[in-house]
Amino acid sequence: MTESEVPARRGRNGWSVGCTGALALAVAGIAWLAYASVDSTYPDVDPEKRARQLSGYSQDTYAALGIDRTVRGAYVDVDVNDNNDFGHDDCYPDGLFSIADPPVEGAYRLYQEWTLSKVHKAEALPGLRGVRHHLKAKGWHITESGKDEQIEEWSVRAERDGGYQIHVIWEAEYHRLTGFVRAPCAMDPDWPEEKRKEEEEQGYSGPYDGPTLDFPPALTPARTPGGR
1 MTESEVPARR GRNGWSVGCT GALALAVAGI AWLAYASVDS TYPDVDPEKR
51 ARQLSGYSQD TYAALGIDRT VRGAYVDVDV NDNNDFGHDD CYPDGLFSIA
101 DPPVEGAYRL YQEWTLSKVH KAEALPGLRG VRHHLKAKGW HITESGKDEQ
151 IEEWSVRAER DGGYQIHVIW EAEYHRLTGF VRAPCAMDPD WPEEKRKEEE
201 EQGYSGPYDG PTLDFPPALT PARTPGGR
């Protein structure tokens with residue numbers, strides 16, 4: 001039996017069905033207002049500028065490891081099975097219903113990921129401690145540090161105001177050290193213009209595919225006083 005088919009009650013309980021319906025409408029109205037008031041856009045940031053910022057954080061973190069090797073900018077360096085590349089994630093509107101929403105057109109969340117293979121424990125663990133101390137001294141908030149309780153992995157996680165995140169992890173099984181630096185969401189200021197050009201040339205531009213960037217600069221060891 002639906003609510004509309006329930007006989008109306010008399011007396012002091014006669015308001016119950018009507019009150020329930022009114023309450024549901026009020027809750028729905030509040031939810032709609034909360035959703036409608038959400039700003040689903042992000043600040044305009046040139047992807048090249050953000051890439052340079054992430055490269056700086058990556059270089060600073062890598063130098064703190066104290067490892068005397070260079071990680072070239074490449075999707076996969078076939079000579080040593082290392083990589084150093086940019087990538088991006090989609091961004092979604094904030095608010096109660098953001099999970100069900102499509103990505104915000106023209107928005108991107110840039111990250112830089114690098115991998116260093118053939119790193120042994122005697123080199124990796126002191127390096128991670130160095131990263132932790134260095135990031136803390138630089139004002140980063142350390143959210144995780146040490147060994148995973150389930151598997152043979154050691155890591156350092158840090159974040160700072162504005163939504164920036166750093167994660168460095170060493171996997172004992174693969175002797176692999178991986179770094180990950182991520183920025184907060186931003187709008188690509190060139191996206192509307194690029195979209196219009198594509199629509200004029202092709203008739204349909206398709207969804208936003210994220211920024212197109214060159215490979216990051218090589219990650220190099222820390223420079224010592226009087227050294228190179």
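The sequence shown begins at 1 in UniProt numbering and counts up one residue at a time.
Where is the CB? At the ideal position from N, CA and C, for every residue including glycine.
Taking one beta carbon from each stretch, the segment 175–188 and the segment 99–110 have 3 or more pairs nearer than 8 Å; the two touch. By the Cβ-count criterion, D44 is exposed, with fewer than 16 other Cβ atoms from all chains shown falling within 10 Å of its own Cβ. Looking at the DSSP output, W140 sits in no beta bridge, so it has no partner there. According to DSSP, residue pairing for E171 in a beta bridge involves E153, R176.
Secondary-structure assignment with DSSP links H88 through a beta bridge to L110.
G56 is the residue among E48, Y111, G56 whose C-alpha sits nearest the C-alpha of T220. Boundaries of the alpha helix (DSSP H) around A64: 47–65.
Here DSSP, grouped into helix, strand and coil, assigns V119 to coil. Separation of Q112 and R129 (C-alpha to C-alpha, rounded to the nearest whole angstrom) is 21 Å.
For the set R157, G73, D214, A218, the Cα lying nearest the Cα of P47 is the one of D214. Annotated as proximal: P211 and A51, with beta-carbon spacing under 9 Å. Taking C-beta atoms under 8 Å as the contact rule, V119 and W154 fail to qualify, at a distance of about 11 Å.
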